[in-house]
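All remarks here apply to the structure that follows.
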Amino acid sequence: MFWVALGHACVALAEQLPVRVYTVADGLSQDAISDIEWDPSGFLWFCTTDGLSRFDGYEFTIYGRGDGLTGNLVTDLVITRSGQYWVAASPGGLFRIDVAAALAGGVGLVGARDPAGSSARPFFVASGASELPSIYRLFETCAGATLCGSNRGLFRLEREGEL
Numbered sequence: 000m001f002w003v004a005l006g007h008a009c010v011a012l013a014e015q016l017p018v019r020v021y022t023v024a025d026g027l028s029q030d031a032i033s034d035i036e037w038d039p040s041g042f043l044w045f046c047t048t049d050g051l052s053r054f055d056g057y058e059f060t061i062y063g064r065g066d067g068l069t070g071n072l073v074t075d076l077v078i079t080r081s082g083q084y085w086v087a088a089s090p091g092g093l094f095r096i097d098v099a100a101a102l103a104g105g106v107g108l109v110g111a112r113d114p115a116g117s118s119a120r121p122f123f124v125a126s127g128a129s130e131l132p133s134i135y136r137l138f139e140t141c142a143g144a145t146l147c148g149s150n151r152g153l154f155r156l157e158r159e160g161e162l
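Residue 0 is where the sequence shown starts when you use numbering that gives the first Met the number 0, and the numbers rise one by one after that.
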């Protein structure tokens with residue numbers, strides 16, 4: 000009987016937890032979220048069906064097609080141990096975020112073939128294919144390699160920004 004009463008007390012406490020729901024009305028780019036990452040600076044990043052949202056605890060900053068992404072469907076984000084932020088967007092696009100530029104108010108999206116950083120362009124496939132696969136998942140291995148799960152198999156991101 001004691002365990003039953005204790006169980007009910009725990010449920011009652013859990014039901015009283017404060018819950019804050021953030022939606023499009025609060026500045027989130029879309030209510031449907033596919034991934035959440037917390038970065039070393041304390042920002043929360045949300046991958047949504049309508050762009051990438053960064054939350055500083057007070058307001059959202061949104062990155063999407065207008066900022067250079069190939070599409071607004073952002074499927075995944077990985078923050079590597081070396082401090083690189085990789086974003087998978089659909090249709091086919093893999094981008095790196097220059098966080099310093101993003102925090103300074105710029106777009107901060109750069110591609111491997113864009114050394115000037117003037118516009119965001121997706122990273123290219125090393126085999127010379129004209130378009131990127133649709134990338135759905137990103138993962139960093141224990142050895143520091145970044146893997147990309149796509150509609151055309153598994154790719155490994157090379158240091159030069161090629162798949």
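Glycine is no exception: its CB is placed at the ideal position from the N, C-alpha and C atoms.
Subject >> Euclidean distance between Cα positions of V98 and L16 >> reply: 34 Å
Original post:
Quick one: Cα of A31 to Cα of A142, how far?
Top reply: 32 Å
Original post:
Can you tell me whether DSSP reads R19 as helix, strand or coil?
Top reply: coil
Original post:
Hey, how far is the Cα of F42 from the Cα of I35?
Top reply: 10 Å
**OP:** Measure how close the beta-carbons of Y84 and L76 come, nearest whole angstrom, since I'm counting them as under 8 Å.
**Re:** Your pair Y84 and L76 checks out as a contact, with CB atoms roughly 7 Å apart and the cut at 8 Å.
Original post:
First and last residue of the beta strand (DSSP E) that includes L43?
Top reply: For L43, the enclosing beta strand (DSSP E) covers residues L43 to T47.
Original post:
Tell me, which residues are paired with L76 by DSSP?
Top reply: Partner residues in the beta bridge of L76, as assigned by DSSP, are V86.
Original post:
Can the beta-carbon of A144 be found closer than 8 Å to that of R155?
Top reply: yes
Subject >> Which of helix, strand or coil DSSP assigns to E139 >> reply: strand
Subject >> Beta-carbon spacing of I61, G70 below 8 Å >> reply: no
Original post:
Mind checking A24: buried by the 16 CB within 10 Å criterion, or exposed?
Top reply: exposed
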